[in-house]
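Asker:
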Amino acid sequence: MKKIINVALPKGRLGEKVYDLFERAGFPCPSIKEPNRKLVFENAEVGVRYFWVKPSDVAIYVERGAADIGVAGKDILLEYTPDVYELLDLQMGKCWMAVAAKAGFQDDRNRTLTVATKFANIAKQHYFAQGRDVDIVHLNGSIELAPILGLSDVIVDIVETGATLKENKLEVVEKFVDISARLIANKSSFQFNREKIEEIRAGLAKQTEK
Amino acid sequence: MMDFQEILSVEEWTALKLRALYASQGYRQYKMRKFEQYDLYVQNKDFLLDESVITFTDTDGRLMALKPDVTLSIIKNSRDEDGPQKVYYYENVYRVAKGTRTFKEIMQVGVECFGGGEETLEETLSLAAKSLDEISPNNLLEVSHLGVISGVLEACGLTGGAKQQAFAALGEKNTQALTAVCKKEGLDEKKSALVIALVGVCGSVEEVLGELDKFAVDEKTTSAVVRFKATLSALQKAGVTAKMRVDFSLVGNTNYYSGLSFKGFVEGVPTSVLAGGEYNNLMKKMKRNLRAIGFAVYLDGLGKMAEEV
Chain L
5 MKKIINVALP KGRLGEKVYD LFERAGFPCP SIKEPNRKLV FENAEVGVRY
55 FWVKPSDVAI YVERGAADIG VAGKDILLEY TPDVYELLDL QMGKCWMAVA
105 AKAGFQDDRN RTLTVATKFA NIAKQHYFAQ GRDVDIVHLN GSIELAPILG
155 LSDVIVDIVE TGATLKENKL EVVEKFVDIS ARLIANKSSF QFNREKIEEI
205 RAGLAKQTEK
Chain E
15 MMDFQEILSV EEWTALKLRA LYASQGYRQY KMRKFEQYDL YVQNKDFLLD
65 ESVITFTDTD GRLMALKPDV TLSIIKNSRD EDGPQKVYYY ENVYRVAKGT
115 RTFKEIMQVG VECFGGGEET LEETLSLAAK SLDEISPNNL LEVSHLGVIS
165 GVLEACGLTG GAKQQAFAAL GEKNTQALTA VCKKEGLDEK KSALVIALVG
215 VCGSVEEVLG ELDKFAVDEK TTSAVVRFKA TLSALQKAGV TAKMRVDFSL
265 VGNTNYYSGL SFKGFVEGVP TSVLAGGEYN NLMKKMKRNL RAIGFAVYLD
315 GLGKMAEEV
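One line per chain: the protein sequences are L and E, in this order.
The first sequence lines up with residues 5 to 214 when you count with my numbering.
The second sequence lines up with residues 15 to 323 when you count with my numbering.
1) Pick out whichever of Tyr103(E), Val110(E), Thr235(E) and Arg115(E) has its Cα sitting closest to the Cα of Gly124(E).
2) Secondary structure at Leu316(E), three-state DSSP: helix, strand or coil?
3) Determine the chain E residues that contact Gln129(L) at a beta-carbon separation under 8 Å, and present them in chain order.
4) Let me know the alpha helix (DSSP H) ranges lying completely inside the region 45-117 of chain E, each 4 residues or longer, listed in chain order.
5) Counting only beta-carbon atoms, is Ser87(E) nearer than 8 Å to chain L?
6) Give me the subset of the region 177-191 of chain E whose CB atoms are less than 9 Å from a CB atom of chain L, sorted by chain position.
7) Report yes or no: is there a C-beta of chain E within less than 8 Å of the C-beta of Phe132(L)?
8) Under a Cβ-count criterion, where at least 16 other Cβ atoms within 10 Å of its own Cβ denotes burial, should Val98(E) be classed as buried or exposed?
9) Under the assumption that Pro151(L) contacts Ala105(L) (Cβ atoms under 8 Å), give the Cβ distance between them as a whole number of angstroms.
10) Taking only the alpha-carbon atoms, compute the straight-line gap between Ala111(E) and Arg198(L) and give it to the nearest angstrom.
11) Determine contact between the region 171-189 of chain E and the region 275-288 of chain E, defined as no fewer than three beta-carbon pairs at a distance below 8 Å.
12) Could you tell me which of Ala180(E), Lys144(E) and Asp147(E) sits nearest to Leu160(E), measuring between CA atoms?
13) Beta-carbon of Asp79(L) versus every beta-carbon of chain E: anything under 8 Å?
14) Would you identify the three-state DSSP class for Lys217(L), choosing helix, strand or coil?
15) Tell me which residues share the same chain as Val323(E) and place their Cβ nearer than 6 Å to its Cβ, disregarding the 5 neighbours each side in the sequence.
16) Report the residue from Glu168(E), Cys127(E) and Arg305(E) whose alpha carbon sits nearest the alpha carbon of Glu233(E).
17) Give the DSSP-derived three-state secondary structure of Met297(E) in the structure shown.
18) Kindly list the residues whose CB is nearer than 7 Å to the CB of Asn128(E), restricted to its own chain and excluding five residues on each side of it in sequence; keep chain order.
19) When the Cα atoms are used, what is the spatial distance from Asp94(E) to Glu133(E)?
20) Can you confirm whether Thr71(E), when its beta carbon is compared against all beta carbons of chain L, has any partner nearer than 8 Å?
21) Give me the chain E residues within the contact set of Gln195(L), using Cβ-Cβ distance strictly less than 7 Å, ordered along the chain.
22) Taking its Cβ as the centre, do 16 or more other Cβ atoms sit within 10 Å of Glu171(L), making it buried, or is it exposed?
23) Kindly indicate which three-state DSSP category Cys216(E) falls into: helix, strand or coil?
24) When you compare the CB of Val283(E) with every CB in chain B, is at least one pair closer than 8 Å?
25) Kindly list, in the order they appear in chain L, the residues whose Cβ is closer than 8 Å to that of Ser286(E).
26) Just curious, the beta strand (DSSP E) that Asp111(L) is in, first and last residue?
27) Do Ile73(L) and Ala120(L) have their beta-carbon atoms positioned less than 8 Å apart in this structure?
28) Just tell me which of Ala34(E), Asp83(E), Lys48(E) and Thr28(E) has its CA closest to the CA of Gly308(E).
29) Given Ser192(L), which residues of its chain have a CB within under 8 Å of its CB, disregarding the five upstream and five downstream residues?
30) Would you call the CB atoms of Asp64(E) and Arg109(E) closer than 8 Å?
31) Should Leu59(L) go down as buried or exposed, given a rule of 16 or more other Cβ atoms within 10 Å for buried?
32) Which residue or residues does DSSP assign as beta-bridge partners of Lys179(L)?
33) Does any residue of chain E have a CB that is nearer than 8 Å to the CB of Tyr89(L)?
34) Count the CB pairs spanning the region 193-212 of chain E and the region 82-102 of chain L that are closer than 8 Å, and state whether there are at least three.
35) Identify, in the order they occur along the chain, each residue of the same chain with its Cβ nearer than 6 Å to the Cβ of Val157(E), setting aside the five sequence neighbours on each side.
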C-alpha cells in the first residue's frame, strides 16, 4: 500500500492559491474544488491527502505529526518557533512584519515603549535586539485601533499594501522581516517519507521558479 | 507465569527491555537521588535545554533542585582517576514541556560512557540502534557530526552570530535562509557552495561516505572528516547501518554536543525518541579530561505509538 502524505493547508484565499500550486506541481485532488464544507480531501493515486486548517494552526498540526507537511506563513513560524523543517519559500502571500505608529510619531527613548501586537514573541525579540525597554500588549485583532485609542505607542503587525494603516492614519515606521508562505515538514515524518516529501518539494520548487 | 507485558504500559515495558539490554552489554546501573544542589544547574545552565528548574530549600538552608537532567549529575560525581566507565540510568527528570508553562515529569533511560577510545563511538551508536529496535522495528537513527559542520562554517568565515544563524537554517533544512546568510556575510561562490552543500548531506551511510571528503578543507575539518568516516566505516563493517541515515540538518544543542551527534525516530511518534552524542566540551567545562559520549531515550512519547498500532 502506498503511504499517503497528509498535507495541512491554510484555510482561506492564500490556501486556495497554495493548493493550485500543489496541483500544478503534479499533486492534484479535484474533489477539493467541489462546493461543499468538507475539510479532508484525498487522492490516493498521487498519494496525498489535503485538509484545511486555521492558518495559525498549520505549524501545530505539522509539529505534532497530525500532518506530515504543511504550508505556514513565516510570521507563524517566527512567533511559535515550531520544531519543523522549513523546506521551501513558496514566494506567495508576501508581506512584511513592520512597526507602525500614528503619523508623525517620534520615539522617545527616555521612556518605555508600549507595543500592541498579535505577535508578542516577534515584537519582544525585535526590541530586545535593540536593547529597548518595551511593554507588550497582546491583542488578537484590530491591532490598528491600539495607537488611535492610546492603548499603545506603536504596533507590530503584518503589512501587505499598507492600505489599512493609511485609512486609520497610521504609517510604517520600520519594516523588519520579510514574510511569505513556507513549506514545512515534520522531522520524524520527513525521515520516514523522505523520497515522497522531496518529490513534492522539488515539484513545488519548479513551479515557484517559473 | 504472569504476563508482565499485558500489565505494564508501553513506557514501563520498554524501560525494562532497555535496562536488560544495557545490563547485558556490561553497563552498570547508576542510581541517584531525586535532588541535586541548585548550584550545579546555575553553573551549567547553557547545557540545559530550558533554564527552568524546580527548586526548594532543604532543612539545612541549602537551595536544592529536582533534577532537570541526569548527565550533569553523573559527570559531577565521576572522577578522572576511575578511568573508563560505562553506566546506564533509569530516572525521572523534571522539565518545562514545550509550549506550556507547566513542569512535566519525564521518564528517561540512558547510557553514558566516559574515557573510551574511538571504538566507544561505534559501540554507543550500535547500542542506540539496538535500543530503537527494542522500541519498534520501524525506526531510523539520524547521525551527524558537529565537528565537521562547525569546522566547515568556521573555515568559510562564518563565526559568532552568523554561525548561529547558519546552524539554525541548517537545522530547518532551509536552503534559502542559509544562502541568505552566506550572501549577507559576503562569502565567495566557492565557500557559499560548500556551506550550502551541508544541507545536501542526507542519505544512507553508503551514499554519504563518498561525499564527505569535500568538507575536508583545512586541518580542523580534515581531522573531523577522517574521524567521522572511520566511525561510519566501522559501523558499516559491523553491519548495523541499515536503519541509519547521515543527516547534517541534525545540529542539536551545540552547547552540549561537540562531535558525533544522533537522534532516533520511530514511525508514528512525531518527535525524536532518542538523542545523544559526544559531549567533550561539557566534560572540559566541568574540569574532566576524559572523553564522553551518551544518549537518552525519552519514554514519554511512546504512548502515541501504541495508539497508532
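By construction, the Cβ of each residue, glycine as well, lies at the ideal position given by its N, Cα and C atoms.
Answerer: Taking the geometry as given:
1) To locate residue 124(E), count along the second sequence from 1; it is residue 110. Of the candidates Tyr103(E), Val110(E), Thr235(E) and Arg115(E), the one whose C-alpha sits nearest the C-alpha of Gly124(E) is Tyr103(E).
2) As a working note, residue 316(E) is residue 302 in the second sequence. Leu316(E) falls in the helix class under three-state DSSP.
3) One-based indexing of the first sequence puts residue 129(L) at position 125. Annotation: Gln129(L) has no Cβ neighbours in chain E at a cutoff of 8 Å; minimum Cβ distance is about 13 Å.
4) Listed in chain order, the complete alpha helix (DSSP H) runs (minimum 4 residues) inside the region 45-117 of chain E are 53-57 and 85-90.
5) The residue you call residue 87(E) lines up with position 73 of the second sequence. Chain L contact via Cβ: absent.
6) Sequence-ordered contacts of the region 177-191 of chain E with chain L read Ala183, Gly185, Glu186, Lys187, Asn188, Thr189, Gln190 and Ala191 [C-beta pairs closer than 9 Å].
7) Numbered from its first residue, the first sequence carries residue 132(L) at position 128. No - not a single Cβ of chain E is within 8 Å of the one on Phe132(L).
8) Looking up residue 98(E) in the second sequence gives position 84. Checking the displayed sequence, the identity of residue 98(E) turns out to be Pro instead of Val. When all chains shown are included, Pro98(E) counts as exposed.
9) Numbered from its first residue, the first sequence carries residue 151(L) at position 147. Numbered from its first residue, the first sequence carries residue 105(L) at position 101. Confirmed, Cβ separation roughly 6 Å.
10) As a working mapping, residue 111(E) is identified with position 97 in the second sequence. As a working mapping, residue 198(L) is identified with position 194 in the first sequence. Straight-line spacing of the CA atoms in Ala111(E) and Arg198(L) works out to 28 Å.
11) Flag = no, the region 171-189 of chain E and the region 275-288 of chain E do not touch.
12) As a working mapping, residue 160(E) is identified with position 146 in the second sequence. For the residues Ala180(E), Lys144(E) and Asp147(E), the minimum Cα distance to Leu160(E) belongs to Ala180(E).
13) Position 75 of the first sequence, counted from the start, is the residue given in the question as residue 79(L). False, the Cβ-Cβ gap to chain E never drops below 8 Å.
14) Lying before the first or after the last residue shown, residue 217(L) is absent from chain L, which here runs from 5 to 214.
15) Here the question's residue 323(E) lines up with position 309 in the second sequence. For Val323(E), the predicted structure reports a pLDDT of 44, less than 50, and the residue's modelled location is therefore unreliable. A value from the coordinates is still provided. For Val323(E), same chain residues with a beta-carbon under 6 Å away, outside a window of 5 residues either side, do not exist.
16) As a position in the second sequence, residue 233(E) is number 219, starting the count at 1. Closest by alpha carbon: Glu168(E).
17) Against the second sequence, residue 297(E) aligns to sequence position 283. Helix, per DSSP.
18) Translated into the one-based positions of the second sequence, residue 128(E) becomes position 114. Rather than Asn, the amino acid found at residue 128(E) in this sequence is Phe. Excluding residues within five positions, the ones whose Cβ falls inside 7 Å are Ser92, Pro98, Gln99, Leu304 and Ala306.
19) In the second sequence, counting from the first residue as 1, residue 94(E) sits at position 80. In the second sequence, counting from the first residue as 1, residue 133(E) sits at position 119. Each residue's Cα considered, the two are about 19 Å apart.
20) Stepping through the second sequence from its first residue, residue 71(E) is reached at position 57. Taking 8 Å as the threshold, the shortest C-beta distance from Thr71(E) to chain L does not fall below it.
21) Position 191 of the first sequence, counted from the start, is the residue given in the question as residue 195(L). One finds Leu154, Glu156, Arg259 and Phe279 in chain E with Cβ atoms closer than 7 Å to the Cβ of Gln195(L), taken in chain order.
22) For the purposes of this step, residue 171(L) is taken as the residue at position 167 of the first sequence. Label assigned to Glu171(L): exposed.
23) Here residue 216(E) is taken as the residue at index 202 of the second sequence, counted from 1. Looking at Cys216(E) - three-state DSSP - the assignment turns out to be strand.
24) Annotation note: the requested chain B is absent from the structure, which comprises protein chains L and E.
25) Counting from 1 along the second sequence, the entry for residue 286(E) is found at position 272. Taking a Cβ-Cβ threshold of 8 Å, the residues of chain L close to Ser286(E) are Lys191 and Ser192, in chain order.
26) Sequence index remark: in the first sequence, residue 111(L) carries index 107 (1-based). Careful: Asp111(L) lies outside any beta strand (DSSP E) and carries neither H nor E.
27) Within the first sequence, the letter at position 116 stands for residue 120(L). Within the first sequence, the letter at position 69 stands for residue 73(L). No, the pair does not count as a contact, with Cβ atoms beyond the cut-off.
28) For this step, residue 308(E) is matched to residue 294 along the second sequence. Looking at Ala34(E), Asp83(E), Lys48(E) and Thr28(E), the one whose alpha-carbon comes closest to that of Gly308(E) is Asp83(E).
29) Taking the first sequence and counting its residues from 1, the one referred to as residue 192(L) is at position 188. So the list reads Gly69, once near-sequence residues are dropped.
30) In the second sequence, the residue the question calls residue 64(E) occupies position 50. In the second sequence, the residue the question calls residue 109(E) occupies position 95. Yes, the pair counts as a contact, with Cβ atoms nearer than the cut-off.
31) Here residue 59(L) refers to the residue found at position 55 of the first sequence. In the sequence under discussion, the amino acid at residue 59(L) is Pro, which differs from the Leu named in the question. That one is buried.
32) Within the first sequence, residue 179(L) is the residue found at index 175, counting from 1. In the DSSP output, where bridge partners are listed per residue, Lys179(L) has Ala102(L).
33) Indexing the first sequence from 1 puts residue 89(L) at position 85. By the rule that beta-carbons nearer than 8 Å mark a contact, Tyr89(L) touches chain E.
34) By the criterion of at least three beta-carbon pairs nearer than 8 Å, the region 193-212 of chain E is not in contact with the region 82-102 of chain L.
35) Residue 157(E) sits at position 143 when you count from the first residue of the second sequence. Around Val157(E), the same chain offers Met258, Val260 and Phe276 as residues with beta carbons nearer than 6 Å, after the five sequence neighbours per side are excluded.
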